[in-house]
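Single-structure report; data block below.
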Amino acid sequence: MKEYIKEAKAYKCLNCGKTGFGRAGRKFCSQECKNAWHNALVRDSRLYRSRILTALGRNYSVLSEAIARGELSIDIISMENRGFRPCYITGYIPGRYRGDRYRCFDISYCRSASRVYNIRKEEGD
Ligand SMILES: [Zn+2]
Numbered sequence: 182m183k184e185y186i187k188e189a190k191a192y193k194c195l196n197c198g199k200t201g202f203g204r205a206g207r208k209f210c211s212q213e214c215k216n217a218w219h220n221a222l223v224r225d226s227r228l229y230r231s232r233i234l235t236a237l238g239r240n241y242s243v244l245s246e247a248i249a250r251g252e253l254s255i256d257i258i259s260m261e262n263r264g265f266r267p268c269y270i271t272g273y274i275p276g277r278y279r280g281d282r283y284r285c286f287d288i289s290y291c292r293s294a295s296r297v298y299n300i301r302k303e304e305g306d
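Those letters in the sequence shown? Residues 182 to 306, by the working numbering.
Structure, rendered in structure tokens:
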């Protein structure tokens with residue numbers, strides 16, 4: 182018992198912030214706090230992935246509509262007004278001779294500072 186007390190270190194619960202003493206490396210005051218913290222972590226991660234998938238889905242819709250309308254070059258501001266978020270892509274193909282291509286699932290496009298252009302649906306992959 183004495184050894185335990187000697188080795189006990191001050192800790193602050195990662196979940197509730199309560200301070201106490203325990204074995205070196207202790208992070209939580211209770212099993213409940215440990216569970217709550219891990220559950221929040223999983224929930225945050227799920228929300229984060231869900232937000233990205235939603236943004237990619239919206240990008241896909243905007244690009245699909247552009248193809249359907251026959252718009253091959255669109256001002257980036259107009260794209261963003263339609264809900265397009267250029268920072269979300271599913272792939273990137275560096276261009277050897279022409280511009281780099283970006284992927285949104287099976288749609289690819291080129292991008293300059295001001296325009297999204299050469300939008301096309303990739304066949305067979
Ligand atoms: Zn706690």
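By construction, the Cβ of each residue, glycine as well, lies at the ideal position given by its N, Cα and C atoms. Just so we're clear, the structure is a prediction, and the values are computed from it rather than from any experiment.
message: Determine whether the beta carbon atoms of Val243 and Gly272 lie at a separation below 7 Å.
response: Position 62 of the sequence shown holds residue 243. Position 91 of the sequence shown holds residue 272. Cβ distance not < 7 Å, so Val243 and Gly272 don't count as in contact.
- prompt: Within the present structure, is the beta-carbon of Asn196 separated from the nearest heavy atom of ligand 1 by less than 6 Å?
  reply: In the sequence shown, the residue the question calls residue 196 occupies position 15. Result yes, Cβ under 6 Å from ligand 1.
query: Would the beta-carbon of Tyr298 fall within 7 Å of that of Ser254?
result: In the sequence shown, residue 298 corresponds to position 117, counting from 1. In the sequence shown, residue 254 corresponds to position 73, counting from 1. Yes, Cβ-Cβ distance for Tyr298 and Ser254 is below 7 Å.
- request: Could you pull the start and end residues of the alpha helix (DSSP H) that Ala221 belongs to?
  value: If you number the sequence shown from 1, residue 221 lands on position 40. Counting along the chain, the alpha helix (DSSP H) containing Ala221 begins and ends at 212-249.
task: Check whether the Cβ atoms of Glu304 and Ser289 lie closer than 7 Å to each other.
output: Residue 304 sits at position 123 when you count from the first residue of the sequence shown. Residue 289 sits at position 108 when you count from the first residue of the sequence shown. Against a cut-off of 7 Å, the Cβ pair of Ser289 and Glu304 comes out as no contact.
message: ligand 3 and Cys268: does the residue's C-beta get closer than 6 Å to at least one heavy atom of that ligand?
response: As presented, the structure is devoid of ligand 3, carrying ligand 1 as its sole ligands.
message: According to DSSP, simplified to helix, strand and coil, what is Ser295?
response: One-based indexing of the sequence shown puts residue 295 at position 114. Note: Ser295 maps to coil in three-state DSSP.
message: So, at 6 Å on beta carbons, what are the nonlocal neighbours of Gly280 in its own chain, with the 5 sequence-adjacent residues on each side left out?
response: The residue labelled residue 280 in the question sits at position 99 within the sequence shown. Cβ within range, chain order: Cys291.
- prompt: Using CA coordinates, which residue listed in Trp218, Ile270, Ser293 is at the minimum distance from Leu234?
  reply: Start at 1 with the first residue of the sequence shown, and residue 234 comes out as number 53. Minimum Cα-Cα distance from Leu234 among the listed residues Trp218, Ile270, Ser293 corresponds to Ile270.
task: Check Ile258 in the structure and name its three-state DSSP category.
output: The sequence position of residue 258 within the sequence shown is 77, counting from 1. DSSP, read as helix, strand or coil, puts Ile258 in helix.
Span of the beta strand (DSSP E), counted from its first residue to its last, around Lys190: Here residue 190 refers to the residue found at position 9 when the sequence shown is read from its first residue. Boundaries of the beta strand (DSSP E) around Lys190: 190-193.
query: How long is the line joining the alpha carbons of Tyr192 and Arg224, rounded to whole angstroms?
result: Indexing the sequence shown from 1 puts residue 192 at position 11. Indexing the sequence shown from 1 puts residue 224 at position 43. Looking at the two C-alpha atoms, the distance is approximately 25 Å.
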